[in-house]
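Participant:
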Amino acid sequence: MDPSRERAAVIASLEDALEPLLAHSASLRSDLLNGASFASAMRGARDSSGVAAARIEPAEKKGEPVSRSPCAFDTGEPAVRAVLTAMKFDPAIRCAVALNYSDRALEVFEDDLFLSRASFTPGPSAPETGP
511 MDPSRERAAV IASLEDALEP LLAHSASLRS DLLNGASFAS AMRGARDSSG
561 VAAARIEPAE KKGEPVSRSP CAFDTGEPAV RAVLTAMKFD PAIRCAVALN
611 YSDRALEVFE DDLFLSRASF TPGPSAPETG P
């Protein structure tokens, strides 16, 4: 695919993915999406110039709708670094989302998305060495 056409397609797909999220309920947007960054990469992207990203901007006042930054290439959004790192291990992964942690977000993921917290058992604090 022509690089300029692929760049336009990546921007269009990212915009298409964000619109339903912005149309979702106000509580979902304010609890989960404020400050979230979204990224979508071109095939074979090696740096931020090949990754389009946008950020969900927090509402100025409670109850107001959130907005998003324009979808653009070569940004410093956290999701850009995440997708570039993922692509090093699996080039088929070409999108990422970076969400801010909150207890409410965790509740939504556990309750509404049927995810459960990972359970970690404490291990040794230092590597064990043998004789």
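With the numbering used here, the residue at position 87 of the sequence shown is 597, and numbering never jumps. Where is the CB? At the ideal position from N, CA and C, for every residue including glycine.
Who are the near neighbours of ARG578 in its chain, counting only those whose CB is closer than 7 Å to its CB and skipping five residues on each side?
Facilitator: Counting from 1 along the sequence shown, the entry for residue 578 is found at position 68. Result list for ARG578: LEU528, LEU532, ALA564, ARG565, ILE566 and GLU567, in chain order.
Participant: Is the separation between the beta-carbon of ALA551 and that of CYS605 shorter than 9 Å?
Facilitator: Translated into positions along the sequence shown, residue 551 becomes position 41. Translated into positions along the sequence shown, residue 605 becomes position 95. Yes; because the gap between Cβ atoms is below 9 Å, this pair is in contact.
Participant: So, is PRO530 buried or exposed, given that buried needs 16 or more other C-beta atoms within 10 angstroms?
Facilitator: Here residue 530 is taken as the residue at index 20 of the sequence shown, counted from 1. Under this definition PRO530 is an exposed residue.
Participant: Kindly indicate which three-state DSSP category ILE521 falls into: helix, strand or coil?
Facilitator: Within the sequence shown, the letter at position 11 stands for residue 521. The answer is helix: DSSP assigns ILE521 an H, G or I state.
Participant: Can you name the residues that DSSP bridges to CYS581?
Facilitator: The sequence position of residue 581 within the sequence shown is 71, counting from 1. None; CYS581 has no bridge partner.
Participant: Tell me the DSSP bridge mates of GLU587?
Facilitator: What you label residue 587 is simply residue 77 of the sequence shown in a count that begins at 1. In DSSP, GLU587 forms no bridge with anything.
Participant: Name the residue from GLY554, GLU617 and GLU525 whose alpha carbon lies nearest to the alpha carbon of LEU594.
Facilitator: Here residue 594 refers to the residue found at position 84 when the sequence shown is read from its first residue. Nearest option by C-alpha distance: GLY554.
Participant: So, PHE583 versus SER612, is the Cβ gap smaller than 9 Å?
Facilitator: Taking the first residue of the sequence shown as 1, we reach residue 583 at position 73. Taking the first residue of the sequence shown as 1, we reach residue 612 at position 102. Against a cut-off of 9 Å, the Cβ pair of SER612 and PHE583 comes out as no contact.
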